[in-house]
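Below is one structure; the comments refer to it alone.
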Amino acid sequence: MAGSGCTDRVIGAILGSWRYDISAISPEMRRDYEQHLAECPRCHARQRFHRTLDGSLAVLTALSMLSFLFALAVLQRVKILEHVAFNILHLEVVSMYQMLVSAAVAGLIFSLIAFLLVMTTTPAPTYLGGVARDRARTLEARLPESIRSLRSRS
Ligand SMILES: [Zn+2]
């Protein structure tokens, strides 16, 4: 039973409706929710899941944009070869090229829109920044006590 249910269903439901993102609310209102996220293993796990999802979406859409950019770069090269084919071998491949470019441009635009949606509607930017901060914090926690006390004094 331990760890399976939410310790406070009311707060849990509110957090659920926000997709466990409390970055938009004021710091004094945030305190209760932060405390619950720290105490409730279920909500904590769900928050982690949602932030990982946001982060993955941001990375995936960025990768998608890169692959379409790569496709456009490849097609740019194809155009040079095609020019040779068209003028020397008299092949009719221009329309095929145009079709591929249109598809790549459309794909690039769609993934750009998806990427912008992910970055504006989810806390992915904060999450990705937080991942870096957490790494730093974990490193700091491993420092010997003598060094840590020096750091907190400054
Ligand atoms: Zn909970």
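When you line the sequence shown up against this note's numbering, it's residues 104 to 257, in that order. C-beta: ideal position from N, C-alpha, C; glycine also.
Fill in: Coarse secondary structure for Thr164, derived from DSSP in three states
Counted from its first residue, the sequence shown places residue 164 at position 61. Thr164: helix per DSSP, three-state reduction.
Fill in: C-beta contact flag for Ile114 and His139 at 8 Å
In the sequence shown, residue 114 corresponds to position 11, counting from 1. In the sequence shown, residue 139 corresponds to position 36, counting from 1. Yes, the Cβ-Cβ distance between Ile114 and His139 is below 8 Å.
Fill in: Validate contact between the segment 212–226 and the segment 236–250 using beta carbons, cut 8 Å, 3 pairs
no
Practice prompt. Compare the Cα-Cα distances from Leu163 to each of Phe218, Arg240, Ser249, Leu246 and report the closest residue.
Written response: If you number the sequence shown from 1, residue 163 lands on position 60. For Leu163, the nearest C-alpha among the options comes from Phe218.
Worksheet entry | Span of the alpha helix (DSSP H), counted from its first residue to its last, around Thr229 | Stepping through the sequence shown from its first residue, residue 229 is reached at position 126. First-last of the alpha helix (DSSP H) with Thr229: 227–244.
Discussion item. If I measure Cβ to Cβ from Leu175 and keep anything under 8 Å in the same chain, skipping five residues before and after, which residues do I get?
Written reply: What you label residue 175 is simply residue 72 of the sequence shown in a count that begins at 1. Cβ neighbours of Leu175 beyond the five flanking positions: Val204, Ala207, Val208, Leu211.
Worksheet item: Helix, strand or coil: which one does DSSP assign to Tyr200?
Response: Looking up residue 200 in the sequence shown gives position 97. It is helical.
Discussion item. Shorter than 7 Å, the distance from the beta carbon of Asp276 to the closest heavy atom of ligand 1, or not?
Written reply: Absent from the model: residue 276. The displayed extent of the chain is 104 to 257, so no value can be given.
Worksheet item: Which whole-angstrom value is the C-beta distance of Val221 and Asp124, which I expect to be below 8 Å?
Response: Position 118 of the sequence shown, counted from the start, is the residue given in the question as residue 221. Position 21 of the sequence shown, counted from the start, is the residue given in the question as residue 124. Actually they do not touch by this definition, with Cβ atoms about 13 Å apart.
Worksheet entry | Neighbour-count burial assignment, Gln201, 16 or more Cβ in a 10 Å radius | Sequence index remark: in the sequence shown, residue 201 carries index 98 (1-based). Counting Cβ neighbours within 10 Å, Gln201 comes out exposed, since fewer than 16 surround it.
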